[in-house]
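Numbers 601 to 807, taken from our numbering, label the letters of the sequence shown in order.
Glycine included, every Cβ here is placed at the ideal spot set by N, Cα and C.
This report refers to the structure that appears directly beneath it.
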Amino acid sequence: MQSFFKSTLFKCVAVLLAISLIAGGLLAVLNDVLYVTPEERTGRAFTKIYGNAISQDRYQIEIDVDGTDKNINQPYSCVYENVEIGVVEKLYIVDKQNDTDLEYDMIFKTKGYQGYKGGWISTWVKVEVNGSAKSITKVIIDGYEKQTLMSKLGDAFLSKFNVDVTQDILFSSNTKTGNNVVAGATKSANAGCNAVNCALIYMEANA
């Protein structure tokens, strides 16, 4: 038995066990230290959208899939030509802090499907509302799955979404359509277009 404890096999097993315990402990600590709450993620997104942090008393939430009751807080499914092209995961109404209730911002967190290899792209879409007029003024990419050439979907690509919202507008990466938003990565551009289209479809259905 003593020879086993002195053997190379035992030493290797002991070292591997020690490494596993230390690594597991470090991962547990880092998971707590680096954890970002949904509220913090939202705050960071708003900072990117507005250029500075805004106080929580300025906005209220309409859709939130981070809620505890999943039967109530479901993502809004966006369907075009009988196909689900994405979902609205969050929607915030942001007060402009002026004397009228007719001016406010709608901040959408959306996910567009039908990207490269069936993946998706998620975006934040800022829509400025002034009475009956609505305009997309900011789109930022929040995340993606399976997509390549994401550098092609930079500011030049995203700025093409900054248009007045009309009932017949939807975006496409197909160059044969009127409202095409094309980049060097066609499939990924398609998912990006669908993400923005989700905001448009929601507004059309809830006008």
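Below 8 Å on the Cβ atoms is my guess for W724 versus Y713; work out the distance and round it to an integer in Å.
-> Contact between W724 and Y713 does not hold, since their C-beta atoms are separated by about 17 Å, which reaches or exceeds 8 Å.
Out of I619, A618, P638, C793, which has the shortest C-alpha to C-alpha gap to I661?
-> P638
Is DSSP giving K726 helix, strand or coil here?
-> Look at K726 here: in three-state DSSP terms it is strand.
Does the beta-carbon distance from G715 to K746 come in below 8 Å?
-> yes
Exposure label - S788; buried when at least 16 CB within 10 Å = S788 is buried by the Cβ-count criterion.
Supposed close pair E728, D705 - CB separation, criterion 8 Å = 6 Å
Is A791 helix, strand or coil when you go by DSSP?
-> helix
Check whether the segment 695 to 704 touches the segment 766 to 773, taking contact to mean three or more Cβ pairs, one atom from each stretch, closer than 8 Å.
-> Segments in contact, no.
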